[in-house]
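Below is one structure, written out as structure tokens; comments come after it.
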Amino acid sequence: MLLSSLALLFLPLISAAAPRSSDCLLSGTERAINEIFATGGEGATVTLCPGSVHRLNASVQFTAPRQTITTLGNPKDRERAMLLVDGPDLAVAIHADCQKCSFAMIRSIIIDGNRPQLLRIPKGEALVEVGNAESQTVKDCKLYEPRGWSTLHFREGDSKQCRFGHIVDNEIGPSGEEWDDDYDGMDEVNPPWGNPRADGISLACKDSIVERNVVYDATDGAIVIFGSANSVVKNNHIYSRTRVILGGINLVDYEPWEGDYTGVTVHNNHLHALGRYFKVGIVVGPASWSDDTESVVRGAAVTNNRFYGQYWGYGLVVASAKDFEVMGNKVINGDEGEAKFSGVPGSRCPKAPENGKPTAFLINRGSAKGTFQDDFVNGEVQHIICLNPDEKYKPWRFRDSPEALAANIANNPLANAAIDSRIAEALVSYQMSLLSSMSGINQKIERLTTPIDPLDAQPVHEHERAALAAEVEKQRREKEKSSGNKDVDELIRKLEELEKGGRKMKKTLDGVKVDFEGLAGRLRKNADEHKPIIEQIFLHAQTLLLGSTPLSTSQQKLFRNGRGMSMGIPGEGYTPLGVLGGLLGAGAIGLAARGLIKRWRSENKGNKLY
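Letter by letter, the sequence shown follows residues -16 to -1, 1 to 594 in mature numbering (1 follows the signal peptide of the UniProt record, and there is no 0).
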């Protein structure tokens, strides 16, 4: 009774805590989400049920100001709903970058770009595209594995009108793959199978805030600032754990704001080089990132950032920059061990002059102007991210794309047709033994069908033997000029012998077939020609055996119908001369058969069986 009363007491609370399907969208596709945004207009909110999964065959489209997508209750853990990219040609999960999309809110959801399953898309856009408006927010989200060039992109806008972006408290990564020269080639601008690398956050929106985010294993730039004057990047943590990072925080791009970083501050960020190589922690200036030594960026402050871990190339690098303040940045030796900086020049590094050696702080004082901390080391700086780890390593990436596999097969038809030499040898040996047996049969057939001894075909004259010897020598020299692959050459030789033997055997069998057809025809003709004679002999023999004159027509019919008379039994047609007639009949049969054989031999005299 007491338990029932308690259950009734707490029932309203339990009912209120459990979400109803009418309060949120259950698992599904993008259609229900887009319908709410399309019909709801300004202020429309899409609330997804906790733990639900929404498979996207097309992008979620924001359409009006103040639209929001979130999980019911705004959770920050695994209860967040998931958007999963599922379309084979889809890169963008959310498009919130329309000009009317100001005050858009993306909150408390997980977005999986699904690159491990669907692979990269050449020239693919970012997983989440925002910007082109004002006061947009991405908060408390987990974003990872984009198929395009970035995970989260705040774009500057069609008229560069983007302002006041907020990227706060998100977990971003892993993102992208490492560059593999053997697969991706040497052209970093237009790789044949799409760009393997991807940014974590790409910011091109002025007056924005990027704070308290955790970004890890972003294989291009973890946080990339494209101009974005008066923006603040602070209190973020960046980790290299399982994939190589080129740059932690980048201030290297001249476009789209013509190098204007005025008022940008990068401070109190923590960068960790843990399980995988971290090429550069903070990168300033176009020359640091590429071979562009002409363009110059200006106006930012990089202060009080911290570097941890043992897998660094460089901590902070500055070149081709002016009006920059770089102060108070430190290397921390602590729980993550003593910080170490090392590396070897890669194939893309300049040969003369070489870049400065790996170190915590490297500057090119000839191209960098501003206020800089004292512990910078002066040196050459150009395309500093060409540096590779000391130890030889295999670039991390997903499997080859179907297009790449098809291209490999088209360029090298034998790529997937390599046969183990022992199996090939066994196969050829079997075929050669079969050919040898067939050759033996062929020789027997030749001996039966032609009286010519094969040895008679050997050269008998001196000049013929000389020609044969020259041909043998020519074949030997051609063999010496072969590719050098003995197994392949031997396989080719045996296959050629097999092919020649097969053609010879076919020709012989065709000849035998013609001979047998001719013989069968002649036998049929002889049988037809001598049929009347054989019938006459048979009738005469029967007459003699019965002891009477040749059978009348009616008697012949009776005999042919199986109605002959038994010898020695009285009856119609029986005569006392039956015994004597039998003896005479036997003699007549012998004489007739002898005459028939002589006649047949005379007619076939001179005929020859081939």
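Each residue gets a CB set at the ideal place from its N, CA and C atoms; glycine is no exception.
Residue i, DSSP secondary structure in three states
i	result
Y414	helix
A257	strand
P176	coil
L475	helix
T492	helix
A450	helix
L482	helix
E118	strand
residue 603	One cannot answer for residue 603 here, as it falls past the ends of the chain, which runs -16 to 594.
A305	strand
M89	strand
A80	strand
G169	coil
A213	coil
P534	Residue placement at P534 cannot be trusted, given a pLDDT of 45 that sits under 50; what the coordinates show is reported in the next sentence. P534: coil per DSSP, three-state reduction.
R461	helix
T421	The question names Thr, but residue 421 is Ser in the sequence shown. Helix.
S279	coil
K515	helix
D7	helix
N395	helix
Under 7 Å between C-beta atoms of residue i and residue j
i	j	result
V152	E195	yes
K85	F46	Note that residue 85 corresponds to Cys in the displayed sequence, not to Lys. Result yes, Cβ atoms of C85 and F46 sit closer than 7 Å.
residue 604	T55	Since the first and last residues shown for the chain are -16 and 594, residue 604 lies out of range.
A284	Y238	no
V301	T249	no
K60	D124	yes
P158	D168	no
I207	I229	no
residue 681	A271	The structure shown does not extend to residue 681, since the chain is modelled only from -16 through 594, so no value can be given for it.
G141	N179	no
D307	G354	yes
R147	E118	yes
G25	A48	yes
L40	A77	yes
I156	L127	yes
S304	G269	yes
E162	T203	yes
S143	S186	no
I266	V286	yes
F345	Y295	no
E63	V44	no
K211	D183	Checking the displayed sequence, the identity of residue 211 turns out to be Gly instead of Lys. Not closer than 7 Å, so no.
F325	P342	yes
Minimum C-alpha distance to residue i - residue among the options
i	options	result
R260	S224, E457, P130 and I105	S224
S413	H445, P49 and L479	L479
residue 605	I193, S192, D164 and N510	An answer regarding residue 605 cannot be provided, because it is not within the stretch -16 to 594 covered by the chain.
K107	G269, V114, A75 and L32	A75
V280	G350, N253 and G495	G350
F291	E113, L258, A303 and V268	L258
N289	G269, G321, H254 and A305	H254
G35	G57, L419 and Q145	G57
S417	G486, L235, L68 and P240	G486
N372	L102, E322, G327 and G321	G327
M89	H367, A454, G149 and A188	G149
R91	I20, V69, T29 and P516	T29
P72	G297, G184, P100 and H79	P100
R50	R62, D81 and E474	D81
S420	K488, D7 and G27	K488
W177	N392, T31, V69 and P516	N392
H256	P240, D276 and G321	G321
R477	E446, Q415 and I209	Q415
Any chain D beta carbon closer than 7 Å to residue i
i	result
K324	You won't find chain D in this structure, because it holds only one protein chain.
Residues sharing a beta bridge with residue i, DSSP
i	result
I20	In the DSSP output, where bridge partners are listed per residue, I20 has none listed.
F345	L300
R64	Answer is none; R64 lacks a bridge partner.
H251	K218 and T287
S186	H137 and V208
D96	L68 and Y128
L103	DSSP, once it has assigned bridges, lists no residue as partnering L103.
F262	I229 and W296
A202	S159
V267	N234 and V301
T54	T31
Report yes or no: do the region 332 to 340 and the region 304 to 319 share at least 3 C-beta pairs separated by less than 8 Å? no
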